[in-house]
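Participant: Here you go, one structure.
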Amino acid sequence: MPDERVGQFALVNGASVLFGTAREVLRSVMTNGPYEPILLPTVCFLDAKPEAAIPGLPALGIGFR
Numbered sequence: 620m621p622d623e624r625v626g627q628f629a630l631v632n633g634a635s636v637l638f639g640t641a642r643e644v645l646r647s648v649m650t651n652g653p654y655e656p657i658l659l660p661t662v663c664f665l666d667a668k669p670e671a672a673i674p675g676l677p678a679l680g681i682g683f684r
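Residue numbering for the sequence shown follows this note's numbering, starting at 620 and increasing by one per position.
Following this line, the structure appears as structure tokens:
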């Protein structure tokens with residue numbers, strides 16, 4: 620894998636794993652609790668674009684090229 624793609628690979632896969640885990644935890648908690656169960660939709664992080672800079676917030680220094 621080219622070095623310039625490693626960062627994007629880590630961001631996409633990391634976000635996918637974290638979102639999938641959060642989605643399952645939320646589903647499990649909502650199903651076993653007194654509230655209506657909800658299911659977050661699946662998300663493809665491959666085509667994600669970095670958000671525009673917000674004035675006053677520090678830059679994270681990460682993003683897609």
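Backbone N, C-alpha and C define an ideal beta-carbon position, used for all residues, glycine too.
Using DSSP with H/G/I as helix, E/B as strand and the rest coil, what is Phe-628?
Facilitator: Within the sequence shown, residue 628 is the residue found at index 9, counting from 1. Of the three classes helix, strand and coil, the one that applies to Phe-628 here is helix, per DSSP.
Participant: For Phe-618, name the three-state secondary structure that DSSP assigns.
Facilitator: No information on residue 618 is available, as it lies outside the stretch 620 to 684 that the chain covers here.
Participant: Report the option in Gly-652, Val-625 and Arg-646 whose CA atom is closest to the CA atom of Pro-660.
Facilitator: Here residue 660 is taken as the residue at index 41 of the sequence shown, counted from 1. Selected option, being the one with the closest Cα: Arg-646.
Participant: State the Cα-Cα distance for the pair Gly-652 and Leu-658, rounded to the nearest angstrom.
Facilitator: For this step, residue 652 is matched to residue 33 along the sequence shown. For this step, residue 658 is matched to residue 39 along the sequence shown. Whole-angstrom Cα-Cα distance: 14 Å.
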